Every structure is written in structure tokens, then in C-alpha cells.
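In this text, residue positions in the sequence shown follow full-length UniProt numbering: the first is 1, and each later residue adds one. The block underneath contains the structure these notes are about, expressed in C-alpha cells.
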Amino acid sequence: MSTARPKNENSADVIKVKVHDKLLETGEYERMKSFLREKLLEAGWFDEINVLALDKLSTQEKPSFETVAESLETQALDMIPDDIKIELLRKIRGFLDTWVESKNS
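Below, the structure is given as C-alpha cells:
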């Protein structure tokens with residue numbers, strides 16, 4: 001499924017959309033998503049976020065998913081172990097290198 005294209009064909013937004021489309025088209029997006037989920041489960045990240053979310057829920061008078069998610073987003077991203085971030089970035093870079101090579105061949 002293709003995303004709406006920005007107007008300026010040379011913009012960074014266009015490149016992001018093209019990369020996203022290619023990731024989806026090749027199935028690499030799902031593979032990377034599965035990899036990330038597996039690594040975060042192994043690291044106990046989901047459990048840690050669950051504890052934080054329960055704490056937020058218990059301290060807010062009228063909690064909603066949106067307010068809890070917004071309040072935890074930055075902290076949750078910061079809690080992703082660096083080795084997982086690095087490994088995922090390597091996978092993304094490898095995908096991009098392969099894609100660019102194939103376009104230049």
C-alpha cells in the first residue's frame with residue numbers, strides 16, 4: 001500500500017515515502033518489526049513499560065490510553081537498549097545499501 005506523496009519530488013519526505021514503500025513491498029518492514037519485537041521481549045522492555053504504564057494509570061484521576069501513551073513515549077524510546085537500536089540501524093543501512101546498489105546496476 002503506497003503512502004501519499006509530498007509535492008516536492010526532491011524533498012526528504014519523498015525519500016522517506018519511497019523507502020517506506022520499498023520496505024513494505026519487499027516484506028523487509030515486517031521482518032524488521034518482528035526482529036524489534038523479539039529483541040524488546042528478550043530485553044524485558046515490554047515488562048518495564050507495562051510497569052510504568054500501570055504506575056501512570058494509578059496516579060491519574062481519569063486516565064486514557066492517549067494521555068498515558070503520550071506521557072510515556074519519550075521515556076519508552078529512551079529505554080530501548082542501545083545494542084538493539086544499533087542492530088536495527090545496521091539492518092536498515094544494509095537494506096538501503098542493497099536497494100541503492102540494485103538501482104545503480
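Here a beta-carbon is modelled for each residue, glycine too, at the ideal position from N, C-alpha and C. The structure displayed is predicted, hence computed values, not measured ones.
Looking at the structure shown, is residue i part of a helix, part of a strand, or coil, going by DSSP?
i, result
"Gly94", "helix"
"Ser71", "helix"
"Ser34", "helix"
"Ile80", "coil"
"residue 144", "Because the chain in this structure spans residues 1 to 105, residue 144 falls outside the shown range and cannot be described."
"Lys62", "coil"
Exposed or buried, residue i, counting other C-beta atoms within 10 Å across all chains shown (16 or more means buried)?
i, result
"Leu77", "exposed"
"Leu23", "buried"
Spatial neighbours of residue i within its chain, please: CB distance less than 8 Å, with the 5 preceding and 5 following residues excluded, ordered by chain position.
i, result
"Gln60", "Thr67 and Val68"
Can you give the beta carbon distance from residue i to residue j, rounded, assuming they're within the 8 Å contact cut?
i, j, result
"Lys33", "Ile84", "With a Cβ gap of about 13 Å, Lys33 and Ile84 do not count as contacting."
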